[in-house]
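Numbering (my numbering), first residue to last: 41 to 283.
The beta-carbon is built from N, C-alpha and C at its ideal position, and this holds for glycine as well.
The model shown is predicted, which means the values in this text are computed figures rather than measured ones.
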């Protein structure tokens, strides 16, 4: 596999219960048809992680910005040489007003203006990214002014993996069709229709996209033991004529 030779792949064929049959019905002009569904799943190790942080600080604007930059630098070091800041955005300094006093919020912490409400996204590539993400979360657990908003685990160059999942789904569906025909005591005729689906929207606009991302919300997301790999899943719906 040229594009994924560094990605650990575990192939799981998910056999849908109920033998993958969702209907045996009239197809056209009174003819009977067998409709089946197959599913293929491929697991891959992520090769990129992005973590979006939100932080709030009280005090003068420049002082708050300097404190924010210093803490971000300390956190970035948890990713080592493979970590970098990819985006600083939506930073707002809120000052006191005559009519009311604005507030900044993070992790249940409420700070009255003047205060800085800042966001930054950190990125890391390489191996053991889930574990690195967990270490990063632990590194600033005591920083009550900082919170994790979003975590993104991604894998690139997934066309070959997507094709694998697709082939597994088609194979599974065909096996379900053969089994169904045998159960019904009929012959399996020609393939009349094929419809394929991705399970989620992680592939972007194109089903065979080269990039897959899984989105997690909040700091607890990476504490789930099952979050170690990304699952790329395809489904295939086949309609066969009956002999």
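Across the set 118, 75, 80 and 256, the C-alpha of 80 shows the shortest separation from the C-alpha of residue 208. With the rule of 3 Cβ pairs closer than 8 Å, the segment 163–171 counts as touching the segment 117–127. Counting the other Cβ atoms within 10 Å of the Cβ of residue 231 gives fewer than 16, which makes it exposed. Put simply, the backbone Cα of residue 77 is about 12 Å away from that of residue 233. Within the DSSP bridge table, the entry for residue 165 names 88 as partners.
Across the structure, residue 189 and residue 178 are spaced so that their CA atoms are roughly 15 Å apart. For residue 274, no alpha helix (DSSP H) segment is defined; the enclosing uninterrupted segment is the beta strand (DSSP E) at 270–282. A Cβ-Cβ contact shorter than 8 Å links residue 187 with residue 147.
A buried status is given to residue 204, since no fewer than 16 other beta-carbon atoms sit within 10 Å of its beta-carbon. Residue 213 is bridged by DSSP to nothing; it lacks a bridge partner.
Going by C-alpha positions, residue 222 is about 15 Å away from residue 279.
In this structure, 95 is the residue among 100, 95 and 117 with its C-alpha nearest to the C-alpha of residue 108.
For residue 181, there is no enclosing beta strand (DSSP E), since its DSSP letter is neither H nor E.
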